[in-house]
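**Q**
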Amino acid sequence: MSSIKIENLYTAYDKADVLMDVSLAVEPGRITCLLGSNGAGKSTLIRSILGLTPPRAGRITVDGKDITGAPTHKVIGDGIACIPEGRRMFPKMTVSENLRLGAYQVRDEALIRERMERVFETFPRLAERRDQLAGTMSGGEQAMVSIGRGLMAGPRILLIDEPSLGLSPLYVKENFRIIESIRETGITVFLVEQNVRQTLAISDYGYVLSGGHLVAQGSAEDLRNDKEVYAAYFG
Amino acid sequence: MDIGLLGQYLANGVMLGTMYALVAVGFTLFFGVLDVIKFSHGDVLMIGAFTGFTTYLGIVAIGIENPWVALVAVLVVSIATTAALGALIARYLVLPLKSAPPLNILLITLMLGTALREGVRLFYPDGSNPKAFPALLPTASLELGSFSLRADSVILVSAGIAVIIGLNLLINRTRLGLAIRAVAQDEETAKIMGINYTMIVLVTFAIGSGAAAFAGIMNGLYYNEVNFGMGLLLGLIGFSAAIIGGLGNIYGAILGGFLFAGLQTVGAVALPFASAYKDVFAFGVVIALMAWKPTGLIAERSSDRV
Amino acid sequence: MKDDVMKTPIPVSLPPLATGLIAVAACAIFGWLFLLAESEVAVLGLVLLAVLAGWGAQKTGLSATLGTAMHQHSGAMNGAIVASLLAVIALLGTEHFPLLMLSTMLLYLVAALGLNVQFGLTGMVNFAGAAFFGIGAYTSAVLTTHTAVPPLLILLAGGLIAALIGALLIVPVVRTAGHYSAVVTIAFGVLFKTFLEVNEVLGGPQGLMVGSMNVFGWDFNNGPVLMGHEMSFYVNYALLSSGLAILAFALTRRLERSWLGLALDSVRLDETASACFGINVVRAKVLAFTYGNILAGIAGALYGMMISFIAPNSFTFSDSLLMVSIVLLGGLGSLWGSALAAVIVVLVPEKLQILQEYRFLLFSVLVIAMLLFRPQGLLPRGVRSYFPGGRAQR
Ligand SMILES: Nc1ncnc2c1ncn2[C@@H]1O[C@H](COP(=O)(O)OP(=O)(O)OP(=O)(O)O)[C@@H](O)[C@H]1O
Ligand SMILES: [Mg+2]
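What follows is the structure, encoded as structure tokens:
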């Protein structure tokens, strides 16, 4: 069980400041969610954690280890995996190659095969289509590949960026169920979403980001019942 | 035309095609991972050939006579050195300019090619004159009528094709190849998968440059000569081959290499009185092909990378 | 504009025009000394002095003042520059070799200006500059020895033939972009020499003789007489090269500042958007490519007449890269930058003979360093100033 701690984070692209003084904690073994509207800076926060857009200032620690500005492959090596926004398939590779890449840093071939079987159990649909090029899969199927790929590394912490983006309500519901079951396997989840109701329904704790500032936080239940927050940010 | 002569042309064409394909694969790999053209590739090949030649002189100087030992030493030293050179170029000239306009990398590597060429011409002992590359392979030949099949040619072509197949397997069947293809398709997602991006780029440049060194040694063994300017035309041919095949596609590069050799051969056959025009002819056709299919022959249908 | 003036911390505050005129005069004297300098030590000292002066001008804000002078008093400044060029030629008078160098530099500048329109303005790479220059030279060789075409027309013919041969490349160059069109011109640049070498009609590797220039009966092989002194016959070529360079410069400047230049600029910056705004991208590219090749061809034709003997070795791919280096070192799209870089690339190795052998190496390394550390070039092009009618302000 692992945790992420973010202290006083500032991140900017070139001249545009995006995150300002963000501090939050992702508690071990729980689902922590980050809510916010378009352009609030949610994906930027994930990019900062991953070292894709290193922060200007502030500190990010994983289980007490400072990973601020570390190269991405080192961050992944520390047991973090990410299901990126928009799924980001390798379009000219097969489903199994995509899954294989999720476990890129795993050296044990037997373990990789075992994990792939488990993904295929979760998503039987992928098993049928393991040799299909990922770029030719439907959006819903790609979402499955993306989730499966995130699990292939056997992460301790999983960062998920807007899994429900562009999916039909049925798929969205299914996705949230799977994320909930991921928590049951002991993986710490940091979930970025715009879908407030369903996200808070499965989360343990939540933060609200607006214009690069954290504007609210609390247990999922408190946030659910906080009429003011609702009105101000999710109206 | 008699069969023997035709056979000779064919054998020569296959030899050239293999060499060109080896060079073109490098261009395609670099373009795949970084979307850049590294024009110094041909001159890096020349450095490979000269490193091999120097190694041979060293081997002879310490009294080793066995040609096979010499050959292995030449190959190992040349490929290793050239691979390292390729990685260094990527690290210090190409990666720093990654976010600059793409043309700048073409320009900087064009200039680097000139610098390498001129460096060898000016600083290698008697560098402005061609060097006699040793015949390290058995030269026995099999006479088939008026056509003679030489053992060294057979060995060279087989080895070259083996290297091409090996590269292909490396790209398509290994973990390293998976990482290279991932970086080629989506740099950022590749990083998210935990791939050490910089490392993969450097390794890719090393592999491509090693293949070029192999082609350079092949060239030296085939023509029994190396010179400081050999890389310019070979690089240009490799670049054109990669382009007509569709940049970023390894099969396209191989196809392009053989196509170019085929054009040269046709040129030589069709213009026997002026075989010196065969390059002019081949490039003329290539330029026409590019005007006709501006994105290459294969990329037209599927624009996959590597 | 005001800002620039106020930023200049020059203690004695001369007006910009005076400063500019003094600077032009200083450059002329420097150029004259440089061209005449005999010993390597003297040349090296002068190069060092120039580097220091350039650095100092940057530091003290003198270069900003000069920029102001060029903008506010362009007529006076340009007149002064032309006058001092003529003065230097007159002062060199009987010196064959320095005059030849000066003329060569001016002709390279003409070609580089053409390249700058292709590359710097429109973003079309041309790695065959020396080939188009060579086409001009070979045209004048053939026409001067085999026909009675007046030499002045032969200059135009050189440009025309270069443009026509360039037209063969236009289809692939215009249809493809970036790397793809680069390979077309590289192939042409590399093969041009091969083609000349295997071609018996054009003299093979030995090359051809070229007849001299002749303007309305005045044969350029005679030295003009000035106040009773017979001067070097190269004075003729220096004057004509100056005229050509001034004309090319003025024309290119006009083009840059016209609506056409604006179109070329926008094609470089974003082809798709340009097309959306109704700019005919193909026409802009064809125009830029042709313009550049004509300039290179004309310059090459005069160059051939001047050196009277040409061979394939003067028009290699390395020479084409040298021309690209002029454009890159000076700064993309910067005409004065090209002028400065032409001086550096052509004159310095000629004066420092030890460098002559190393010049391709030297300038390729210099360009590499420039691309890494100062990609905008020595004299970066200013923010574009577009005023219909061609008069520029900032
Ligand atoms: N590469 C970039 N360069 C410059 N600005 C960027 C870049 N990426 C994002 N931004 C800006 O940063 C801000 C935050 O973007 P971010 O992607 O983090 O938002 P988000 O909260 O994830 O939004 P969404 O819900 O739409 O995904 C936006 O204003 C965006 O325009
Ligand atoms: Mg986002």
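Which chain is which? The protein sequence lines are D, E and P, in order. With the first letter of the first sequence counted as 1, position 223 gets the number 223 in full-length UniProt numbering; the numbers rise by one all the way through. With the first letter of the second sequence counted as 1, position 305 gets the number 305 in full-length UniProt numbering; the numbers rise by one all the way through. With the first letter of the third sequence counted as 1, position 199 gets the number 199 in full-length UniProt numbering; the numbers rise by one all the way through. Note that beta-carbon positions come from the ideal geometry of N, C-alpha and C, so glycine has one too. On a predicted model such as this, the values are computed, not experimentally measured, just so you know.
(1) Okay, do the segment 312-332 of chain P and the segment 145-158 of chain P touch, 3+ Cβ pairs below 8 Å being the bar?
(2) By the 7 Å beta-carbon criterion, what residues does the segment 230-243 of chain E contribute toward chain P?
(3) Quick one: give me the first and last residue of the beta strand (DSSP E) that residue 217 of chain D is part of.
(4) Between the C-alpha atoms of residue 226 of chain P and residue 29 of chain P, what's the straight-line distance to the nearest angstrom?
(5) Flag residue 43 of chain D as yes when its Cβ comes closer than 7 Å to any non-hydrogen atom of ligand 1, and as no otherwise.
(6) Please state whether the Cβ-Cβ distance between residue 119 of chain P and residue 162 of chain P is less than 8 Å.
(7) Taking CB distances under 8 Å as the criterion, tell me whether residue 188 of chain E reaches chain D.
(8) Do the segment 314-332 of chain P and the segment 110-117 of chain P touch if we need at least three Cβ pairs shorter than 8 Å?
(9) Would you tell me roughly how many angstroms separate the C-alpha atoms of residue 72 of chain D and residue 150 of chain D, rounded to the nearest one?
(10) DSSP state of residue 22 of chain D, grouped into three classes?
(11) Taking only beta-carbon positions, decide if residue 104 of chain D is within less than 8 Å of chain E.
(12) Please work out which residues of its chain come closer than 7 Å, Cβ to Cβ, to residue 88 of chain P, disregarding the five sequence neighbours upstream and downstream, and give them in chain order.
(13) Below 7 Å between beta carbons is the criterion; list the residues of the segment 38-57 of chain D that meet it against any residue of chain E, in chain order.
(14) Looking at residue 85 of chain D and ligand 2, is the gap between the Cβ and the nearest heavy atom below 7 Å?
(15) For a quick check, are the C-beta atoms of residue 77 of chain P and residue 343 of chain P less than 8 Å apart?
(16) Indicate the three-state DSSP secondary structure (helix, strand or coil) for residue 229 of chain D in the structure shown.
(17) Less than 8 Å between the beta carbons of residue 156 of chain D and residue 51 of chain D, yes or no?
(18) Mind checking whether the beta-carbon of residue 17 of chain D lies closer than 7 Å to any heavy atom of ligand 1?
(19) So, is residue 153 of chain P buried or exposed, given that buried needs 16 or more other C-beta atoms within 10 angstroms?
(20) Do residue 70 of chain E and residue 136 of chain E have their CB atoms nearer than 8 Å?
(21) Determine contact between the segment 42-50 of chain E and the segment 193-207 of chain P, defined as no fewer than three beta-carbon pairs at a distance below 8 Å.
(22) On the CB-based measure, 16 or more other CB atoms within 10 Å of its CB, does residue 209 of chain P come out buried or exposed?
(23) What residue from E:2, E:287 and E:297 has the CA that sits closest to residue 144 of chain E's CA?
(24) One question on the structure: do residue 164 of chain D and residue 32 of chain D come within less than 8 Å of each other, judged by their Cβ atoms?
(25) Along the segment 88-99 of chain D, what residues have a CB closer than 7 Å to any CB found in chain E?
(26) Give a single yes or no on whether residue 43 of chain E has its beta carbon closer than 7 Å to a heavy atom of ligand 2.
(27) What do you reckon, is the C-beta of residue 161 of chain D under 7 Å from a heavy atom of ligand 2?
(28) Sorry if obvious, but does the Cβ on residue 38 of chain D come closer than 7 Å to a heavy atom of ligand 1?
(29) Here's the rule: buried if 16 or more other CB atoms are within 10 angstroms of the residue's CB, otherwise exposed. What is residue 64 of chain E?
(30) Can you give me the Cβ contacts of residue 309 of chain P inside the same chain, cut-off strictly under 7 Å, excluding the 5 residues immediately before and after it?
(31) Please give me, in chain order, every unbroken run of the alpha helix (DSSP H) with length at least 4 that falls completely inside the segment 31-61 of chain P.
(32) What's the gap between the Cα of residue 139 of chain D and the Cα of residue 21 of chain D?
(33) By Cβ distance, which residues of its chain are closer than 8 Å to residue 93 of chain P, with the 5 residues on each side in sequence left out?
(34) Excluding the 5 residues preceding and the 5 following residue 273 of chain P in the sequence, name in chain order all residues of the same chain whose CB lies nearer than 8 Å to its CB.
(35) Which residues mark the beginning and the end of the alpha helix (DSSP H) in which residue 152 of chain E is found?
(36) Put residue 297 of chain E into one of helix, strand or coil per three-state DSSP.
**A** Let me spell this out:
(1) no
(2) 232, 233, 236, 239, 240 and 243
(3) 213-219
(4) 21 Å
(5) yes
(6) no
(7) yes
(8) yes
(9) 15 Å
(10) strand
(11) yes
(12) 28, 31 and 32
(13) 50 and 52
(14) yes
(15) no
(16) helix
(17) no
(18) no
(19) exposed
(20) yes
(21) no
(22) exposed
(23) E:2
(24) no
(25) 88, 90, 91, 92, 93 and 97
(26) no
(27) yes
(28) yes
(29) exposed
(30) 207, 209 and 210
(31) 40-60
(32) 35 Å
(33) 226, 229, 231, 232 and 235
(34) 266
(35) 151-173
(36) coil
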